[in-house]
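Each residue of the sequence shown is one higher than the one before, counting from 1037 in the working numbering. We put the beta carbon where it would ideally sit given N, CA and C, even for glycine. Following: one structure in C-alpha cells, then a few remarks.
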Amino acid sequence: MRRPLDMTACCNTPRGTGNRPGTVLAVTIVVVGLAAMTSVTLLFRSRAEISASSAGQKSQQAYAAAMSGLHRAISVLSDSPGNIQTWYDNPDLFYNQVVLEDGGETWYFTVYAPNPDDKTTVRYGVIDESGKININVANEQTLLGLPGMDQELVDCLLDWRDRDDEPRSAGAEQEYYSTLRPIAYRVKNSQLTTLEELMLVKGFNASVVYGEDANLNGILDANEDDTTESFPIDDGDGELNRGLMGMLTTVNYEFDVDNEGNDRININGGPEDMELLREIGLSAETVQFIELYRKEGNGFSHPAELLEMEYTLKQDHEEDPQLKKGLIIFSQVGEEQLSTVLDKLTILPTGGGRKIANPGLVNVNTAGVKVLAALPGIDENLARQIVSKRGSLDESAEGTPAWLYTEGILDAQQFLALVPRLTGRGFQFRIRCVGFAHPSGGFRVLEAVVDRASGVPIIVYIRDITRLGLPMAMDVSAEIQTVGGGG
1037 MRRPLDMTAC
1047 CNTPRGTGNR
1057 PGTVLAVTIV
1067 VVGLAAMTSV
1077 TLLFRSRAEI
1087 SASSAGQKSQ
1097 QAYAAAMSGL
1107 HRAISVLSDS
1117 PGNIQTWYDN
1127 PDLFYNQVVL
1137 EDGGETWYFT
1147 VYAPNPDDKT
1157 TVRYGVIDES
1167 GKININVANE
1177 QTLLGLPGMD
1187 QELVDCLLDW
1197 RDRDDEPRSA
1207 GAEQEYYSTL
1217 RPIAYRVKNS
1227 QLTTLEELML
1237 VKGFNASVVY
1247 GEDANLNGIL
1257 DANEDDTTES
1267 FPIDDGDGEL
1277 NRGLMGMLTT
1287 VNYEFDVDNE
1297 GNDRININGG
1307 PEDMELLREI
1317 GLSAETVQFI
1327 ELYRKEGNGF
1337 SHPAELLEME
1347 YTLKQDHEED
1357 PQLKKGLIIF
1367 SQVGEEQLST
1377 VLDKLTILPT
1387 GGGRKIANPG
1397 LVNVNTAGVK
1407 VLAALPGIDE
1417 NLARQIVSKR
1427 GSLDESAEGT
1437 PAWLYTEGIL
1447 DAQQFLALVP
1457 RLTGRGFQFR
1467 IRCVGFAHPS
1477 GGFRVLEAVV
1487 DRASGVPIIV
1497 YIRDITRLGL
1507 PMAMDVSAEI
1517 QTVGGGG
C-alpha cells in the first residue's frame, strides 16, 4: 500500500540553516555599490575624455589661430618687403587680430618680436635675420665684440666650424669631444645649421646662449628676475640678459642683385659691362673714370671705392689729347650717386643665370646697438648714433647703407671701411606668433623662418615653442583689428 506523499518533507531544512534576509540585503547593497562605483568611474572617465577632447580641440584651434598670424606676416613680407614700417612694428596688422568668434570663445593672434633696444616693450612685427651677425661667417674680431663672448668661447666656436683638427690655443677639437661622458660625439667641422647647435660646443650653455629670456619675448618677466626661485636661473639684478640668441643667426644671405632683382653690373668686367654703365643713371664723368681706371689694368675691391675717389693716370690716352700721363681724374661719386653705385654695381661676374649669394651682411636699418657695436670699426657711441638717425629716414633711403654717408654719420674713409660688411635690406625673417582664446586663455606659440631671397617666400621651418610659456599677457580690452579688415 502506497503511503501518501508528505509535502512537508521537501520543505524541511537542516537545523541552523533557515532563511536569512540580512544576507540577501548585504549582497544587494554590495552589488548596487559596485554598480554605482562603476557608473561613477564611467562618468568621470567620460567627462575626462570629453575634457581631453575639448582641450585637444581648443589646442588645435589655438594652433590654427597662430598659423593665421604666420600667414598674415608672410603676406605682408610678400607685398611690402622693402617697406620696413609695415612689418617691423605694426600693431594695426599684428596685435590682437581676431580670427574667429566661436560661441563663447573668441580666437586671436598676435605677432610679436623683442625690441632690440628697449627691454620694457615688445614689437608687433617680425624679426629681420639680416639685423644679426651670421655666426658661420663672422670673424674672430666680430665674435669677440659680442657681449658675453670671451677668447675661449670664440676659439671653441671657430674650432667647431673649421675643417681642420688643430685646436686653437683656448679651443677644442675631436680629442676633447671624444672624452665626453655619458655620450661622446664628433666635432662638426662645418657650418652650424641652427643656433641651438651652439649647445654642443665646449663652453656654451643655456646661460650663454639664451641668457635669462626663457620665453624669448625680450622683456624681463618676474620669473626671470627672482634668482633661483623659479626657472630660469637668473642673477636677480633687474636687468634682462638676452644671451646670444637675439644677436646671432645662421640663415641670412642675399643674392648679388639690385633692389629690383636685376643683375648688377660688374665694374671689374669687360667692354660689354662698361657699355651697360651708361644705362643706369651714372654721370658721363663717372663712367669715363671707371673705363680709364680699368683700361690701365686696375680693379675695384668694392663699388663703394668710387666714393670721392681720385686717380692719377699712368699713361697717355690717344682717344682724348687731354688725358695725359700724370693727370688726376675724379670719380664724381658723392651724395647724389652713392646709392645708385651701391645698388647697381658689383665687382663679381654676373649674368648667365648665375646668382652669387653673399652671406652675413648686416642690415644697418634693423640691427640693434649691440650687433652694430660688435662690428669692427663701430663702437657703442657710433652704433647709438646710427640707430637714432635711422628712425627719421625716408623710405627711399633705406635700400642701401648710403645714408650713413649722406646723413653725415660717416666720412668717406670710414664708410669705405665699414660698408663691405653692411646692407640696407633683408631677405630672411623669423616670425613668432601666439594664437589664443578669450576668455578661456588657451594658447599655442609658433615660430617660423621665412626666406624670400628668391622672390617667393619659402618657409624654412615651423616649430611649436608653446613649452616656453606665454610670451606676454593677453589683453583683449585694447582696440583690435579683424583678420578680414586688418590688411
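What's the gap between the Cα of Glu1202 and the Cα of Leu1193?
Mapped onto the sequence shown, residue 1202 falls at position 166. Mapped onto the sequence shown, residue 1193 falls at position 157. For Glu1202 and Leu1193, the distance between alpha carbons rounds to 13 Å.
Which residue wins for smallest C-alpha separation from Leu1113, given the options Arg1480, Phe1465 and Ser1375?
As a first step, residue 1113 is located in the sequence shown; it is residue number 77 there, counting from the start. Of the candidates Arg1480, Phe1465 and Ser1375, the one whose C-alpha sits nearest the C-alpha of Leu1113 is Phe1465.
According to DSSP, is Tyr1148 helix, strand or coil?
The residue labelled residue 1148 in the question sits at position 112 within the sequence shown. It is a strand residue.
Backbone CA spacing between Asn1417 and Ser1111 [nearest angstrom]:
Along the sequence shown, one-based indexing puts residue 1417 at 381. Along the sequence shown, one-based indexing puts residue 1111 at 75. If I take the Cα positions, the gap works out to 36 Å.
Every unbroken beta strand (DSSP E) within the region 1270-1311, with a cutoff of 3 residues, ordered by chain
1289-1291
Taking the alpha carbon of Val1481 as the reference point, which residue from Gln1093, Tyr1099, Thr1064 and Ile1065 has its own alpha carbon closest?
For the purposes of this step, residue 1481 is taken as residue 445 along the sequence shown, with counting starting at 1. Checked all of Gln1093, Tyr1099, Thr1064 and Ile1065; the closest Cα to Val1481 is Tyr1099.
Start and end residues, beta strand (DSSP E) containing Val1470
Against the sequence shown, residue 1470 aligns to sequence position 434. Its beta strand (DSSP E) spans residues Gln1464 to His1474.
Check the DSSP bridge columns for Ala1393 and list the partner residues they point to.
The residue given as residue 1393 occupies position 357 in the sequence shown. In DSSP, Ala1393 forms a bridge with Phe1291.
Quick one: Cα of Asn1295 to Cα of Val1486, how far?
Taking the first residue of the sequence shown as position 1, residue 1295 is located at position 259. Taking the first residue of the sequence shown as position 1, residue 1486 is located at position 450. Distance between the alpha carbons of Asn1295 and Val1486 is about 19 Å.
Express the C-alpha separation of Leu1234 and Trp1196 in angstroms, rounding to a whole number.
By 1-based counting over the sequence shown, the position of residue 1196 is 160. By 1-based counting over the sequence shown, the position of residue 1234 is 198. Their Cα atoms are separated by approximately 9 Å.
Are the region 1144-1159 and the region 1389-1408 touching by the rule of at least three beta carbon pairs closer than 8 Å?
yes
Just list the residues that DSSP pairs Thr1382 with in beta bridges.
Taking the first residue of the sequence shown as 1, we reach residue 1382 at position 346. Thr1382 pairs with Asn1302.
Buried or exposed for Asn1170, going by 16 or more other Cβ atoms inside 10 Å?
Within the sequence shown, numbered from 1, the residue matching residue 1170 stands at position 134. Buried.
How long is the line joining the alpha carbons of Val1455 and Ser1337, rounded to whole angstroms?
Position 419 of the sequence shown, counted from the first residue, corresponds to residue 1455. Position 301 of the sequence shown, counted from the first residue, corresponds to residue 1337. So the alpha carbons of these two residues sit roughly 12 Å apart.
Would you mind stating whether Ala1448 and Glu1321 have Cβ atoms separated by less than 8 Å?
Your numbering for residue 1448 matches position 412 in the sequence shown. Your numbering for residue 1321 matches position 285 in the sequence shown. Their beta carbons are not under 8 Å apart, which means Ala1448 does not touch Glu1321 by this criterion.
Whole-angstrom Cβ separation of Asp1198 and Asn1175, contact assumed at under 8 Å?
Numbered from 1 along the sequence shown, position 162 holds the residue referred to as residue 1198. Numbered from 1 along the sequence shown, position 139 holds the residue referred to as residue 1175. Going by Cβ atoms, the distance from Asp1198 to Asn1175 rounds to 12 Å, so no, they are not a contact pair.
I'd like to check one pair, Leu1342 with Asp1352: are the Cβ atoms closer than 8 Å?
Along the sequence shown, read from residue 1 onward, the residue named residue 1352 stands at position 316. Along the sequence shown, read from residue 1 onward, the residue named residue 1342 stands at position 306. No, they are not a contact pair.
What whole-angstrom Cβ distance do Leu1397 and Ser1166 have, given they're in contact under 8 Å?
Within the sequence shown, residue 1397 is the residue found at index 361, counting from 1. Within the sequence shown, residue 1166 is the residue found at index 130, counting from 1. Indeed, because the Cβ distance is near 7 Å, the residues count as touching under 8 Å.
Would you check if the distance between the CB atom of Leu1228 and the CB atom of Thr1146 is smaller than 8 Å?
On the sequence shown, position 192 is the one that residue 1228 refers to. On the sequence shown, position 110 is the one that residue 1146 refers to. No. Outside cutoff.
Touch test, the region 1498-1516 against the region 1248-1258, Cβ-Cβ under 8 Å, three pairs minimum:
yes
When you compare each of Val1245, Ala1484 and Gly1471 to Val1496 by their alpha carbons, which one comes out closest?
Residue numbering aside, residue 1496 sits at position 460 when the sequence shown is read from its first letter. It is Ala1484 whose Cα lies nearest to the Cα of Val1496.
To the nearest angstrom, how far is the alpha carbon of Ser1432 from that of Lys1391?
Within the sequence shown, numbered from 1, the residue matching residue 1432 stands at position 396. Within the sequence shown, numbered from 1, the residue matching residue 1391 stands at position 355. If you take the alpha carbons of Ser1432 and Lys1391, they lie about 25 Å apart.
With a threshold of 6 Å on Cβ separation, who are the neighbours of Leu1079 within its own chain once the five nearest residues in sequence on each side are excluded?
To locate residue 1079, count along the sequence shown from 1; it is residue 43. Bear in mind that a pLDDT of 49 at Leu1079, under 50, signals an unreliable position, so the number given afterwards is only what the model happens to contain. Taken in chain order, the list of residues that qualify is empty.
DSSP on Tyr1124, reduced to helix/strand/coil?
As a first step, residue 1124 is located in the sequence shown; it is residue number 88 there, counting from the start. It is coil, neither helix nor strand.
Which of the three DSSP states, helix, strand or coil, is assigned to Val1245?
Position 209 of the sequence shown, counting from 1, holds the residue named residue 1245. Three-state result, Val1245: helix.
Name the one or two DSSP bridge partners that Ala1484 has.
Here residue 1484 refers to the residue found at position 448 of the sequence shown. Note: Ala1484 sits in a beta bridge opposite Ile1467 and Ile1498.
Excluding five sequence neighbours on each side, which residues of the same chain lie with their C-beta closer than 8 Å to the C-beta of Met1508?
On the sequence shown, position 472 is the one that residue 1508 refers to. These residues qualify, in order along the chain: Thr1146, Tyr1148, Val1158, Asn1253, Ile1255 and Val1470.
What separation, rounded to the nearest whole angstrom, lies between the Cα atoms of Lys1168 and Gly1362?
Within the sequence shown, numbered from 1, the residue matching residue 1168 stands at position 132. Within the sequence shown, numbered from 1, the residue matching residue 1362 stands at position 326. Taking the straight line joining both Cα atoms gives about 45 Å.
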